[in-house]
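Following: one structure in structure tokens, then a few remarks.
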Amino acid sequence: MDQGSSKPRSKQRKSISMNIIQCYAPTNDYNEEAKDQFYNRLQSIIEKCLTILMGDFNAEVGMKNTGYEDIMGRHRQGERNEYGERFANQCAFNKLVISGTIFPHKRIHKTTWTSPDHTTQNQIDHICINKTFRRTIEDVRFKRGADIASDHHLLVAKMKLKLKKHRTMGRTISQKFNTAFLQDTNKLNKFKIVLSNKFQAFHDLLNEVGTTVESNKKRIKEAITSTCHVVLGQKRHHHKEWITVDTLDMIQERRNKKTAINTSRTRAEKAEAQAEYTVVNKQVKKSIGTDKRKYVEYLAKTAEKAAREGNMRQLYDITKKLSRNRRKPERPVKSKEGEVITNIEEQRNTWVEHYKEHLNRPAPLNPSNIEAAPTDLPINVGPPTIEEISMAIRQIKSGKAAGPDNTPAETLKEDVAVTARILHILFNKIWDKEQVPTEWKEGQIGCSWTI
Numbered sequence: 001m002d003q004g005s006s007k008p009r010s011k012q013r014k015s016i017s018m019n020i021i022q023c024y025a026p027t028n029d030y031n032e033e034a035k036d037q038f039y040n041r042l043q044s045i046i047e048k049c050l051t052i053l054m055g056d057f058n059a060e061v062g063m064k065n066t067g068y069e070d071i072m073g074r075h076r077q078g079e080r081n082e083y084g085e086r087f088a089n090q091c092a093f094n095k096l097v098i099s100g101t102i103f104p105h106k107r108i109h110k111t112t113w114t115s116p117d118h119t120t121q122n123q124i125d126h127i128c129i130n131k132t133f134r135r136t137i138e139d140v141r142f143k144r145g146a147d148i149a150s151d152h153h154l155l156v157a158k159m160k161l162k163l164k165k166h167r168t169m170g171r172t173i174s175q176k177f178n179t180a181f182l183q184d185t186n187k188l189n190k191f192k193i194v195l196s197n198k199f200q201a202f203h204d205l206l207n208e209v210g211t212t213v214e215s216n217k218k219r220i221k222e223a224i225t226s227t228c229h230v231v232l233g234q235k236r237h238h239h240k241e242w243i244t245v246d247t248l249d250m251i252q253e254r255r256n257k258k259t260a261i262n263t264s265r266t267r268a269e270k271a272e273a274q275a276e277y278t279v280v281n282k283q284v285k286k287s288i289g290t291d292k293r294k295y296v297e298y299l300a301k302t303a304e305k306a307a308r309e310g311n312m313r314q315l316y317d318i319t320k321k322l323s324r325n326r327r328k329p330e331r332p333v334k335s336k337e338g339e340v341i342t343n344i345e346e347q348r349n350t351w352v353e354h355y356k357e358h359l360n361r362p363a364p365l366n367p368s369n370i371e372a373a374p375t376d377l378p379i380n381v382g383p384p385t386i387e388e389i390s391m392a393i394r395q396i397k398s399g400k401a402a403g404p405d406n407t408p409a410e411t412l413k414e415d416v417a418v419t420a421r422i423l424h425i426l427f428n429k430i431w432d433k434e435q436v437p438t439e440w441k442e443g444q445i446g447c448s449w450t451i
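For the sequence shown, counting from 1, position 337 maps to 337 in UniProt numbering; every step adds exactly one.
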């Protein structure tokens, strides 16, 4: 990682923005110009917006807090170095409290960095917060059990923020269900049984006189989504799909060796545990490299096969995995004058204006004269039958993103007979009332970025 800083912004509500500045300061080996450049850049970011500042500053602030009582406690260790002096001055200038100095802990819960020869331990990682929000920090300590084969320990701050409730105006977050479980016979049978029972429970209610289109649609939607929650569950991301079980076992063994280092009582025990950890860490890295290579080779062969068979969907998915191009594009919306718009609300208004101008076109001045047909075609204008609904369900493409109702296509196709019967009642109600559910009137506009 190059020395620098990043600033993600978490917008809690319209008038509150939480800014977290993550830093990695240059080491003492760098020249003064590089150090000055880093702190000048950091200062320019802090002046614009600030809430939390954290990272590896290579700064030891020491135990003495004389002159820095407002931003430091005395629960530190070691002596203040050059970087610590500069870091403390910057925190004092910007009224930032070095939260790790406030809470008393054992020495083993204070050291954040261990030298490559495992003999020197320092406290050079810090989490700072604006003095105004000092009371939101409840504790700061270092977790030695977290193992990522790094010479730094995990620094954890416990915060308690009191924010006003953010009302989303009725909008709900779309949840992705794990539809891949439907390929398992047991899961599929359970899904069919649960969904059929839910439909059967309110089947008679849908035909009652007082029911509306909205209520019927809501019952059907809730039946499908609740079945998905119970049987399929939501998609969860744990580890990389290409990591094998053997590698995961090695990672667990490395984690155990890390625990042995932290719990060793003598220097001899610690040196022995550290040597074992180094050996296992090399094995983990080698095994991960082997797994990744085999996975890429497998994807390449599968992509070649998909290209030969004309399976463009599979070929596209594999190409995305191989290219690892998953970054979300920026949103460079420009006004008519060519100025970049960064405000979200102004961007939305610009899109509204754009579509109004391009889609709401005036009627043509000289409309074409279309002659009436001599005879009317025999078009069936009756409500759709169960057979027609079943045919339409089978023609739905799988693997597509769900719409605003959050109903995956696979959940409708797995038991077409049951789904068609329940949808037939809803469609007849729509046909008689000449009304459609509100969700069906909604549309989602997606921007396709081209080069």
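Glycine is no exception: its CB is placed at the ideal position from the N, C-alpha and C atoms. No experiment lies behind these values; they were computed from the predicted model shown.
Same chain, Cβ closer than 6 angstroms to residue i, neighbours up to 5 away in sequence not counted
i	result
S115	none
E339	none
K433	V213
R134	V97
N-terminal and C-terminal residue of the alpha helix (DSSP H) that residue i is part of
i	result
E253	245-263
E345	344-359
A372	It is not in any alpha helix (DSSP H) - A372 carries neither H nor E in the DSSP assignment.
L155	Element bounds for L155: not the alpha helix (DSSP H) but the beta strand (DSSP E), 154-159.
E208	It is not in any alpha helix (DSSP H) - E208 carries neither H nor E in the DSSP assignment.
E442	Taken as a continuous stretch (DSSP letters only), E442 belongs to no alpha helix (DSSP H), as it is neither H nor E.
E272	267-309
E222	213-227
K397	Segment: none, K397 is in no alpha helix (DSSP H) and carries neither H nor E.
V194	185-201
D432	416-433
N-terminal and C-terminal residue of the beta strand (DSSP E) that residue i is part of
i	result
G55	52-56
H126	125-130
Beta-carbon proximity of residue i to residue j, cut-off 7 angstroms
i	j	result
T132	M159	no
A306	L299	no
I288	T247	yes
F191	V140	no
A223	K187	no
N120	H152	For clarity, residue 120 is Thr in the given sequence; the question names Asn instead. Cβ atoms of T120 and H152: not closer than 7 angstroms.
M72	T101	yes
F142	H118	no
K235	N178	yes
V333	I341	yes
R255	D147	yes
I129	I52	yes
Residue i burial status per 10 Å Cβ neighbour count (16 or more: buried)
i	result
Y277	buried
H354	exposed
P408	buried
F93	exposed
P437	buried
G443	exposed
K257	buried
H229	exposed
D204	exposed
L359	exposed
V279	exposed
D125	buried
I318	buried
residue 453	This structure does not reach residue 453, given that the chain is present from 1 up to 451, and the question cannot be answered.
S99	buried
N366	exposed
Close-in-space but distant-in-sequence residues of the same chain around residue i (CB under 7 angstroms, 5 per side omitted)
i	result
F87	F57, A59, V61
A260	A273
I393	L412, K413, V416, T419, A420
I251	V284
W431	P383
Contact set for residue i: own chain, Cβ-Cβ below 8 angstroms, skip 5 residues either direction
i	result
residue 463	This structure does not reach residue 463, given that the chain is present from 1 up to 451, and the question cannot be answered.
I396	A409, L412, K413
N428	P383
N28	N58, N81, E82, Y83
H424	P384, T385, I386, I389
Residue i beta carbon near the ligand ZN (any heavy atom closer than 6 angstroms)
i	result
N262	Summarising the ligand content, the structure contains no ligands, and the ligand ZN is consequently not present.
Q: Could you pull out every unbroken beta strand (DSSP E) segment of at least 3 residues lying fully inside the segment 56-103, listed in chain order?
A: 96-98
Q. Can you list the beta strand (DSSP E) stretches of 3 or more residues lying completely in the segment 15-44, in chain order?
A. 16-24
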